[in-house]
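Take any residue in the sequence shown, count from 1 to its spot, add 996: that is its number in the numbering used here.
Beta carbons: idealized from backbone N, C-alpha and C, even for Gly.
Worksheet: one structure, shown below.
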Amino acid sequence: MVAWLEKLGLGLKKSSQKIGGGISEIFTKKKLDAETLDELEELLITSDMGVKTAAKIVGEFAKMRQDKEITEQEIREKLAIELEKLMNPCEKKLVIDTTKKPFVILMVGVNGAGKTTTIGKLATKLKDKGMQVSLIAADTFRAAAVEQLKVWGERAKVRVFSGENGCDSAGLCFDGLKEAIEQKDDVVFIDTAGRLQNKSGLMEELKKMVRVIKKIIPEAPHETILTLDATTGQNALSQVEIFKQCVSVSGLVMTKLDGTAKGGVLAAIAGENPTAVYYIGVGEGIDDINEFSAHDYVRGLVGL
Ligand SMILES: Nc1nc2c(ncn2[C@@H]2O[C@H](COP(=O)(O)OP(=O)(O)O)[C@@H](O)[C@H]2O)c(=O)[nH]1
Ligand SMILES: [Mg+2]
């Protein structure tokens, strides 16, 4: 756990430097007044927390006594408390119901968001817990995508179901799920394509995939996880909206929180389009992922 907190702190460093540095600059006169509140709001917006979330948080600061001296540390603590309150409802565990065999997890998200990598990381975790896991390579558009999933399958020592390059992804899901049922897999991850530049095409493909999945297992997919790349900042917010229009997103994984100053975007999502957050990723390695903890995340973000 300590190792993870260190990783998380390091990962969020750019974000916390921006927010922490901003707080130091704003509160040189150690006063909470209309001017500093405005500046704080601006800082939160430029830290990708979104207009609505920033206003809400600053509203809480405005309720404090404004004539009293306040230290930088107190500002950080207060910010962490308010952000944690906002984000707590999004802290959800990804629970695998083992009575559902196989438990089907559909991974969606734009190209490069980190779907395949996240599948590899999560498959490893579940396999280590003793579950029988398989992966379906339904991003059939690019040969490299299938190869990448196979590499993760080898690392995680789990079966990968794939078809011919360019084959129909829904058809592949159908065959892959039949195989998973025969093999009595506990969990199946379905990796999908994310070519958002052809939005309607992609969305139709995803919808078709879900229809086909339901033909085999009516209550599946049991989870539809949207993977978001933190470095895209506010764009992640519109991705949540777009994907929710097309599939029933049950939770999020936010990747690449390492090396970006845009870590605040998760607070924007919590404020504007609350969605369960299952995991956060802070690197490319197999262990660079952990369950989302609002408390740890917020403290890392604010630099506490
Ligand atoms: N730094 C960093 N890189 C990541 C993370 N997750 C994924 N990546 C990298 O992002 C790139 C795209 O990931 P990929 O899984 O192929 O995305 P996909 O197109 O959604 O399947 C790869 O180079 C990954 O190694 C993360 O949490 N941190
Ligand atoms: Mg991929």
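Can we count residue i as close to ligand 2, meaning its CB is less than 7 Å from some heavy atom?
i	result
Lys-1111	yes
Ala-1139	no
Gln-1307	Outside the shown range of the chain (997 to 1300) lies residue 1307, about which nothing can therefore be said.
Asp-1181	no
Asp-1135	yes
Asp-1187	yes
Hey, would you say the C-beta of residue i is under 7 Å away from at least one heavy atom of ligand 1?
i	result
Asp-1292	no
Lys-1252	yes
Thr-1220	no
Glu-1280	yes
Asp-1284	yes
Gly-1046	no
Thr-1223	yes
Asn-1161	no
Gly-1105	yes
Gly-1005	no
Gly-1247	no
Gly-1108	yes
Gly-1229	no
Gly-1277	yes
So, are the CB atoms of residue i and residue j less than 8 Å apart?
i	j	result
Val-1261	Gln-1230	yes
Glu-1078	His-1291	no
Leu-1192	Val-1156	no
Thr-1112	Asp-1187	yes
Leu-1102	Leu-1297	no
Thr-1120	Ser-1165	no
Lys-1117	Ile-1221	no
Lys-1003	Val-1278	yes
Ser-1289	Glu-1087	yes
Ile-1265	Val-1294	no
Ala-1257	Lys-1010	yes
Ala-1226	Thr-1251	yes
Ile-1015	Leu-1036	no
Thr-1032	Ala-1263	no
Lys-1096	Gln-1128	no
Just to confirm the assignment, what range does the beta strand (DSSP E) spanning residue i have?
i	result
Val-1104	1099-1104
Asp-1181	Per DSSP, Asp-1181 belongs to no beta strand (DSSP E) and is neither H nor E.
Phe-1157	1155-1157
Val-1047	Premise fails: Val-1047 lies in the alpha helix (DSSP H), 1047-1058, not in any beta strand (DSSP E).
On the DSSP letters alone, give me the boundaries of the alpha helix (DSSP H) that residue i sits inside.
i	result
Ala-1133	Premise fails: Ala-1133 lies in the beta strand (DSSP E), 1129-1133, not in any alpha helix (DSSP H).
Val-1091	Here Val-1091 belongs to no alpha helix (DSSP H), and DSSP marks it neither H nor E.
Asp-1171	1165-1178
Arg-1151	1139-1152
Arg-1072	1068-1083
Thr-1042	1030-1042
Check your understanding: Three or more C-beta pairs closer than 8 Å, one from the stretch 1025-1044 and one from the stretch 1052-1059: is that the case here?
Key -> yes
Exercise for review: May I ask you to verify whether the stretch 1243-1253 touches the stretch 1061-1071, counting CB pairs closer than 8 Å and requiring at least 3?
Suggested key: Verdict: no, contact absent.
Check your understanding: Given 8 Å as the limit, is there contact between the stretch 1211-1220 and the stretch 1261-1273, that is, 3 or more CB pairs closer than that?
Key -> no
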